[in-house]
Amino acid sequence: MDAIILQTLNGLDKGSAYALIALGLTLIFGTLGVVNFAHGALFMIGAFCAVTLQRLLSLSHEVVDDTRTDFLGNPLKVDVPYLYDIFGADVGQGIINWSVPLAILFSIPIMAFIGVAMERGLVKHFYKRPHADQILVTFGLAIVLQEIIKYFYGANPIPTPAPEAFVGSFDFGALIGVDAGTIIYPYWRLIYFSFAMIVIAGVFAFLQFTTFGMVVRAGMADRETVGLLGINIDKRFTIMFAIAACVAGLAGVMYAPINSPNYHMGMDFLVLSFVVVVVGGMGSLPGAVLAGFLLGILESFASMTQVLDIFPGINQIIIYLVAIIILLTRPRGLMGRKGVMEE
Amino acid sequence: MTKSNFTRRGVLKTGAVAGAALATPTIFDGSVWAAGHTGFTNAPEGGSVTLGFNVPQSGPYADEGADELRAYELAVEHLNGGGDGGMINTFSSKTLDGTGINGKKVEYVTGDTQTKSDAARASARSMIEKDGAIMITGGSSSGVAVAVQALCQEAGVIFMAGLTHSNDTTGKDRKANGFRHFFNSYMSGAALAPVLANAYGTDRKAYHLTADYNWGYTTEEAVTQATEAAGWETVNTVKTPLTQTDFSSYIAPVLQTDADVLVLNHYGGNMVNSLTNAVQFGLRDRMVNGKNFEIVVPLYSRLMARGAGANVKGIFGSTNWHWSLTDEGSQAFVRSFGTKYGFPPSQAAHTCYVQTLLYADAVNRAGSFNPCAVGEALKDFEFDGLGNGPTLYRGDDHQCFKDVLVVKGKENPTSEFDLLEVVEITPVAQVTYAPDHPQMGGAEATLGECNPGA
Numbered sequence: 001m002d003a004i005i006l007q008t009l010n011g012l013d014k015g016s017a018y019a020l021i022a023l024g025l026t027l028i029f030g031t032l033g034v035v036n037f038a039h040g041a042l043f044m045i046g047a048f049c050a051v052t053l054q055r056l057l058s059l060s061h062e063v064v065d066d067t068r069t070d071f072l073g074n075p076l077k078v079d080v081p082y083l084y085d086i087f088g089a090d091v092g093q094g095i096i097n098w099s100v101p102l103a104i105l106f107s108i109p110i111m112a113f114i115g116v117a118m119e120r121g122l123v124k125h126f127y128k129r130p131h132a133d134q135i136l137v138t139f140g141l142a143i144v145l146q147e148i149i150k151y152f153y154g155a156n157p158i159p160t161p162a163p164e165a166f167v168g169s170f171d172f173g174a175l176i177g178v179d180a181g182t183i184i185y186p187y188w189r190l191i192y193f194s195f196a197m198i199v200i201a202g203v204f205a206f207l208q209f210t211t212f213g214m215v216v217r218a219g220m221a222d223r224e225t226v227g228l229l230g231i232n233i234d235k236r237f238t239i240m241f242a243i244a245a246c247v248a249g250l251a252g253v254m255y256a257p258i259n260s261p262n263y264h265m266g267m268d269f270l271v272l273s274f275v276v277v278v279v280g281g282m283g284s285l286p287g288a289v290l291a292g293f294l295l296g297i298l299e300s301f302a303s304m305t306q307v308l309d310i311f312p313g314i315n316q317i318i319i320y321l322v323a324i325i326i327l328l329t330r331p332r333g334l335m336g337r338k339g340v341m342e343e
Numbered sequence: 344m345t346k347s348n349f350t351r352r353g354v355l356k357t358g359a360v361a362g363a364a365l366a367t368p369t370i371f372d373g374s375v376w377a378a379g380h381t382g383f384t385n386a387p388e389g390g391s392v393t394l395g396f397n398v399p400q401s402g403p404y405a406d407e408g409a410d411e412l413r414a415y416e417l418a419v420e421h422l423n424g425g426g427d428g429g430m431i432n433t434f435s436s437k438t439l440d441g442t443g444i445n446g447k448k449v450e451y452v453t454g455d456t457q458t459k460s461d462a463a464r465a466s467a468r469s470m471i472e473k474d475g476a477i478m479i480t481g482g483s484s485s486g487v488a489v490a491v492q493a494l495c496q497e498a499g500v501i502f503m504a505g506l507t508h509s510n511d512t513t514g515k516d517r518k519a520n521g522f523r524h525f526f527n528s529y530m531s532g533a534a535l536a537p538v539l540a541n542a543y544g545t546d547r548k549a550y551h552l553t554a555d556y557n558w559g560y561t562t563e564e565a566v567t568q569a570t571e572a573a574g575w576e577t578v579n580t581v582k583t584p585l586t587q588t589d590f591s592s593y594i595a596p597v598l599q600t601d602a603d604v605l606v607l608n609h610y611g612g613n614m615v616n617s618l619t620n621a622v623q624f625g626l627r628d629r630m631v632n633g634k635n636f637e638i639v640v641p642l643y644s645r646l647m648a649r650g651a652g653a654n655v656k657g658i659f660g661s662t663n664w665h666w667s668l669t670d671e672g673s674q675a676f677v678r679s680f681g682t683k684y685g686f687p688p689s690q691a692a693h694t695c696y697v698q699t700l701l702y703a704d705a706v707n708r709a710g711s712f713n714p715c716a717v718g719e720a721l722k723d724f725e726f727d728g729l730g731n732g733p734t735l736y737r738g739d740d741h742q743c744f745k746d747v748l749v750v751k752g753k754e755n756p757t758s759e760f761d762l763l764e765v766v767e768i769t770p771v772a773q774v775t776y777a778p779d780h781p782q783m784g785g786a787e788a789t790l791g792e793c794n795p796g797a
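Next up, the structure:
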């Protein structure tokens with residue numbers, strides 16, 4: 001029972017990342033009809049927004065410490081952040097420790113700008129081209145973006161810790177009356193799940209309860225008719241691209257303390273996220289979220305030692321196996337609509 | 344479907360000599376080979392010789408590859424008489440005098456392994472066929488090392504392995520043309536186990552997470568056997584996909600067992616992520632069986648440990664070399680490298696630099712670039728002054744035998760390079776094994792015959 005609760009929590013946590021990325025992918029596909037293989041790169045850039053802010057806040061000047069030496073035997077040069085000079089060491093370090101939450105605000109304008117630049121600068125030229133062309137150009141863009149990040153930040157992962165207040169684990173076991181220490185879960189992963197739920201709810205509320213969202217939904221259903229009504233649907237779809245980029249970016253920012261960001265992390269999520277979109281149903285936002293959590297949980301359960309003892313290697317194929325079964329029984333995915341991606 | 348055409352270039356170059364070389368018996372001593380300067384792949388002509396540095400310049404190990412390349416460039420500079428000479432000054436063999444190798448100026452070409460076996464073989468093949476490289480060296484992965492070593496054997500050039508830790512490189516996949524200075528999984532297990540037993544006691548239960556590929560298997564086998572011999576019990580061993588990024592679903596089951604040690608047989612990004620995840624789950628704050636829960640990382644890379652940040656503090660592992668060593672050779676290398684590049688070298692840089700000097704010295708001693716002459720010169724060669732103390736290049740398997748460093752994540756680092764502290768230098772006798780040891784492929788593992796190529 002303990003193991004099941006733990007793996008459910010793990011699944012919800014993994015599913016949060018899948019769902020957020022798949023949500024953005026579906027928004028772009030549903031509005032612009034573009035299959036965006038650069039979406040994983042947007043997730044990665046979001047994580048590097050956290051890295052960048054951490055570095056900006058840690059900008060330092062050198063102070064020579066004559067009591068210690070460096071690796072060449074010279075007096076040690078110690079980096080002292082400017083924030084220490086301004087606010088004192090304790091407050092200054094406190095601000096640096098909060099880099100990741102602060103990066104939420106920092107990343108939104110950056111991701112929105114990147115989203116608009118991507119859509120206006122490249123993707124819009126491929127609206128009427130076949131999906132294969134869109135995939136090729138966005139995949140190429142993803143590689144360019146990750147090589148740019150590698151050039152500036154290197155290939156190694158960069159530690160980007162959560163605020164000290166959220167380091168450590170929550171003891172679920174003590175909460176529900178089982179042995180203390182048997183069901184513990186990291187605070188930051190619980191925060192990640194909660195954050196994902198808020199973002200998902202925000203996107204749905206935006207589409208459901210605002211005039212802008214209503215027009216976008218109408219455009220998704222019948223772009224031509226909305227255009228005939230004199231509404232500039234293209235402009236709204238560009239904004240939706242920016243929103244999708246922000247959703248992926250925010251997912252990346254909050255993911256940075258879970259696994260140290262590296263230039264390749266977007267690709268690690270991209271394929272799984274596409275599977276999530278297909279399983280959920282192309283163009284279906286609720287489907288993407290549902291499939292994200294479903295596949296996250298299944299992946300976690302497949303990694304249990306009890307399961308691996310019976311089905312060795314199942315952890316490596318479970319998502320694809322389930323995808324095949326669902327697509328065989330429900331060719332449009334869990335919540336796919338008729339006519340989407342169909343001739 | 345591939346067909347080797349390595350001999351074509353050599354045949355065109357060496358003509359009738361090739362026939363004579365093929366007819367020549369294959370077991371010679373260095374002096375016999377020294378007489379023959381042709382009849383082998385890419386025999387140098389003119390006043391220079393070309394070395395091929397095959398390192399990951401893209402992909403996840405690109406930073407490690409960049410450090411290897413820096414070391415190679417430094418070695419070439421020193422061999423050609425530039426700089427301060429680095430470890431040439433401390434090397435026990437005195438054949439290197441700054442006039443290149445065997446009187447020929449050293450030039451080099453580079454290839455990108457991408458840490459993929461196919462790409463690494465392709466770049467090595469290109470350097471041999473198009474650029475005329477006489478020796479291939481480098482790499483940051485055992486899969487790549489084994490693949491490129493086999494190619495060099497086929498091509499008839501020497502392969503001086505870079506960072507490769509799997510037993511198989513000089514175990515079941517050993518080759519006559521391949522040589523490894525870096526230590527291996529067996530040595531890590533043999534060095535670590537007594538230190539772990541001393542630090543954590545002999546009554547421990549270990550849970551292993553192991554990267555699902557060749558290096559992971561050999562490391563798991565080496566560490567489980569060594570720790571079990573020290574009294575530990577292995578509770579479980581679980582393979583994790585190489586592409587795994589989030590290890591939470593593999594770490595959560597550890598909480599359900601009575602294991603009190605987690606051994607992470609992971610390297611690079613896998614190690615950074617699994618260690619970070621393990622610390623997030625509070626394993627280091629956990630008490631099991633009345634003992635503190637502990638984590639062990641058998642192979643440390645200082646370059647990559649940086650990615651795990653403060654999570655490495657207090658965690659034991661092993662390493663081939665560390666810049667903080669105080670012997671004359673290490674200090675000379677750190678001074679050369681640090682002055683040129685502004686930061687201390689990694690263990691990958693060290694082993695690559697050393698391999699280049701060892702190759703150059705072997706050529707000088709053999710008096711020939713012929714790979715079989717060079718191989719004979721390296722076999723059972725004993726040397727000192729290159730940072731690891733007295734070292735033997737064992738002839739039976741072309742593996743270097745030297746002291747092994749057991750390290751621990753430093754509690755109070757003074758810089759981003761100051762992550763590890765050496766807690767014990769395990770004497771070579773403790774990590775030496777028989778050439779036919781079961782972990783090394785048993786009696787069936789052989790070097791085969793040296794291949795001079797053309």
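Chains as they are written, first to last, in our numbering: chain Y, 1 to 343; chain F, 344 to 797. Just so you know, even glycine gets a beta-carbon here, dropped at the ideal spot from N, CA and C.
Any beta carbon of chain Y sitting closer than 9 Å to that of residue i?
i: F:Val-677; result: yes
i: F:Gly-559; result: no
i: F:Thr-513; result: no
i: F:Ser-484; result: no
i: F:Arg-629; result: yes
i: F:Pro-584; result: yes
i: F:Asn-663; result: no
Identify whether residue i lies in helix, strand or coil by the three-state DSSP scheme.
i: F:Asp-740; result: coil
i: F:Val-491; result: helix
i: F:Phe-526; result: coil
i: F:Ala-463; result: helix
i: F:Asp-511; result: helix
i: Y:Gly-266; result: helix
i: Y:Glu-62; result: strand
i: Y:Lys-14; result: helix
i: Y:Gly-252; result: helix
i: F:Lys-452; result: Inspection of the sequence shows that residue 452 of chain F is occupied by Val rather than by Lys. The answer is strand: DSSP assigns F:Val-452 an E or B state.
i: F:Asp-440; result: coil
i: Y:Arg-337; result: coil
i: F:Met-647; result: helix
i: Y:Phe-170; result: strand
i: Y:His-125; result: helix
So is residue i in contact with chain F if we call contact Cβ pairs under 9 Å?
i: Y:Gln-54; result: no
i: Y:Phe-71; result: yes
i: Y:Leu-93; result: Reading off the sequence, residue 93 of chain Y comes out as Gln, not Leu. For Y:Gln-93, the answer is no, since every Cβ of chain F falls outside 9 Å of its Cβ.
i: Y:Ala-174; result: no
i: Y:Lys-235; result: no
i: Y:Glu-62; result: no
If residue i sits next to residue j, beta carbons under 8 Å apart, how far is it from one beta carbon to the other, in whole angstroms?
i: Y:Ala-302; j: Y:Asn-315; result: 4 Å
i: F:Gly-660; j: F:Tyr-643; result: 4 Å
i: Y:Thr-238; j: Y:Arg-120; result: 7 Å
i: F:Phe-525; j: F:His-508; result: 6 Å
i: Y:Gly-333; j: Y:Val-279; result: 5 Å
Leaving out five residues before and five after residue i in sequence, what residues of the same chain have Cβ atoms less than 7 Å from its Cβ?
i: F:Gly-657; result: Lys-751, Gly-752, Glu-754
i: Y:Lys-150; result: Tyr-263
Please list, in chain order, all residues of the same chain as residue i whose beta carbon is under 8 Å from its beta carbon, the five residues on each side excluded.
i: Y:Pro-130; result: none
i: Y:Ala-3; result: Met-304, Gln-306
Go through its chain and collect everything with a Cβ distance to residue i's Cβ below 6 Å, but skip five positions before and after it.
i: Y:Leu-285; result: Thr-26
Please list the residues of the segment 382 to 397 of chain F that have a C-beta atom closer than 7 Å to any C-beta atom in chain Y, keeping them in chain order.
none
Contacting positions in the segment 305 to 321 of chain Y - beta carbon closer than 9 Å to chain F
Thr-305, Gln-306, Leu-308, Pro-312, Gly-313, Asn-315, Gln-316
Which residues, in order along the segment 180 to 214 of chain Y, keep a beta-carbon less than 8 Å from a beta-carbon of chain F?
Result list: Gly-181, Thr-182, Ile-183, Ile-184, Tyr-185, Pro-186, Trp-188, Arg-189.
Identify each residue in the segment 128 to 155 of chain Y for which the Cβ-Cβ distance to at least one residue of chain F is less than 9 Å, and report them in chain order.
Correct list: Glu-147, Lys-150, Gly-154, Ala-155.
Can you give me, in chain order, the residues of the segment 586 to 609 of chain F that have a beta carbon less than 8 Å from any beta carbon in chain Y?
Thr-586, Thr-588, Asp-589, Ser-591, Ser-592, Tyr-593, Ala-595, Pro-596, Leu-598, Gln-599
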